[in-house]
Ligand SMILES: Cc1cc2nc3c(=O)[nH]c(=O)nc-3n(C[C@H](O)[C@H](O)[C@H](O)COP(=O)(O)OP(=O)(O)OC[C@H]3O[C@@H](n4cnc5c(N)ncnc54)[C@H](O)[C@@H]3O)c2cc1C
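Residue numbers (the working numbering): 8 to 264.
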C-alpha cells in the first residue's frame with residue numbers, strides 16, 4: 008500500500024526551508040488541563056519531524072475563508088521507539104487551529120512540515136528562565152527535560168485557569184522552580200502579571216538564558232523587563248506564538264505590525 012502524499016504546497020514549502028513534509032496519523036488525544044489538549048501523531052519519520060527541544064511542526068488545518076491555513080505547534084515529547092510525537096494545544100478560543108485540535112480523532116490523517124523553529128536550549132547557560140503562557144508549556148517542558156544537571160530551570164507562566172498548572176517530572180538535580188500566575192480578570196495580552204512575577208524573582212548566580220514564548224505584547228514586555236534587569240540580548244530568545252485580538256497569518260505566525 009502506498010503512503011499518503013502530502014499537499015504539493017507542503018512539499019514545496021518544506022523543500023524551501025530544508026524540512027520534511029509528511030502525512031502523519033493521529034494515534035491518541037487527551038485532555039491535559041482545562042485549556043490544553045494533547046494530540047499524538049505517528050509517522051515513520053516522527054523523530055526527524057520533531058527536531059530538537061524548542062522546535063515545532065507546522066500543521067495544515069484546512070481551508071478557511073478561501074485560504075489554506077497552517078498553524079505551528081511545539082513538540083512536547085517524542086517517542087523514538089514508537090515513532091510518535093505529542094503536541095499540547097490550547098483549545099479554548101475560536102480559531103482554525105483550536106478547532107482542528109478539538110476535532111482531532113484517532114485515525115485522522117494530518118499534513119505536517121517539520122522541524123521548524125530556530126530556538127534551542129543554550130547548552131552553556133547555568134540557569135534557564137522560561138517565561139510565557141499556557142501555549143508554551145509543551146516547548147518549555149521538553150526543553151527543560153533536556154537540561155544537563157546542575158543547570159537550573161525556572162518557569163514563570165501565566166495561566167487563564169489555575170488548573171492549567173500542569174507540571175512535568177523533572178530531574179531534581181536541575182532544581183526546578185515554577186511560578187504560576189493566575190490571569191484572573193486581566194485580558195489576554197496584558198503583561199502586568201508576568202512583569203510583577205519577574206520583578207519579584209531574584210536571578211540565580213552565574214550566567215542564565217531566558218526563553219520567552221507566548222502572546223505578542225507579553226513577550227515583548229518581558230523582554231524589555233529582562234534587558235532592564237541586566238540580561239544581554241544574546242541571553243534572551245523570544246518568539247511570539249499568538250497575538251490577542253488578531254488571527255495568526257496563514258503560515259502560522261502572528262503579525263508584527
Ligand atoms: C513557533 C510557534 C510554536 C507554537 N506552539 C504552540 C503550542 O505548542 N501550543 C499551542 O497551543 N499554540 C502554539 N502556538 C500558537 C498557535 O500556533 C497559535 O495560537 C495559533 O494562532 C492558534 O491558532 P488558531 O487558528 O486557533 O487561532 P488564530 O486564527 O490565530 O486566532 C483566532 C483568535 O483567537 C485568539 N487566540 C489565538 N490563540 C489564543 C490563545 N492561546 N488564547 C486565547 N486566544 C487566542 C486570537 O487573538 C484571535 O483573536 C505556536 C505558535 C508558533 C509561532
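Glycine is no exception: its CB is placed at the ideal position from the N, C-alpha and C atoms. Quantities reported herein were computed from a predicted structural model and do not represent experimental measurements.
Contact annotation: residue 184 and residue 166 have beta-carbon atoms that are not nearer than 8 Å.
For the alpha helix (DSSP H) assignment, the uninterrupted runs of no fewer than 4 residues enclosed by the segment 20-68 are, from N- to C-terminal side, 53-57.
Taking C-beta atoms under 8 Å as the contact rule, residue 136 and residue 163 qualify, at a distance of about 7 Å. Proximity of the beta carbon of residue 142 to ligand 1 is indicated: a heavy atom of the ligand is located closer than 7 Å. In the same chain as residue 113, and ignoring 5 residues on each side of it, the C-beta atoms closer than 8 Å to its own belong to 33, 34, 35 and 36, in chain order. In the three-state reduction of the DSSP assignment, residue 171 falls in the helix class, which pools H, G and I. Close CB contacts of residue 95 within its chain, under the 7 Å cut and outside five residues either way in sequence, are with 39, 43, 45, 83, 144 and 145 (chain order). Shortest gap from the CB of residue 80 to any heavy atom of ligand 1: under 7 Å.
Contact between residue 90 and residue 51 holds, since their C-beta atoms are separated by about 6 Å, short of 8 Å. In this structure, residue 74 has its beta carbon at no less than 7 Å from each heavy atom of ligand 1. Counting C-beta pairs closer than 8 Å gives fewer than three between the segment 254-262 and the segment 167-177, which falls short of the contact rule. Taking non-hydrogen atoms of ligand 1 into account, the C-beta of residue 97 is found less than 7 Å away from one of them. Listed as beta-bridge partners of residue 84 by DSSP are 93.
Classified as exposed, residue 23 has fewer than 16 neighbouring CB atoms from the shown chains inside 10 Å of its CB. Rounded to the nearest whole angstrom, the C-alpha separation of residue 243 and residue 229 is 10 Å. Taking the Cα of residue 225 as reference, the smallest distance to any Cα among 240, 204 and 208 is reached at 204. At least one heavy atom of ligand 1 is found less than 7 Å from the C-beta of residue 253. The beta carbons of residue 102 and residue 63 sit about 16 Å from each other, so the pair does not count as a contact at 8 Å. Between residue 160 and the set 170, 206, 212 and 117, the nearest pair of CA atoms involves 212. Scanning the segment 209-257 for uninterrupted alpha helix (DSSP H) segments of 4 residues or longer gives 223-235, listed from N- to C-terminal end. Burial state of residue 129 is buried, judged by a 10 Å Cβ sphere holding 16 or more other Cβ atoms. When distances are taken from the beta-carbon of residue 134 to the heavy atoms of ligand 1, even the shortest one reaches 7 Å or more. Taking C-beta atoms as the reference points, residue 49 and residue 31 count as a pair closer than 8 Å.
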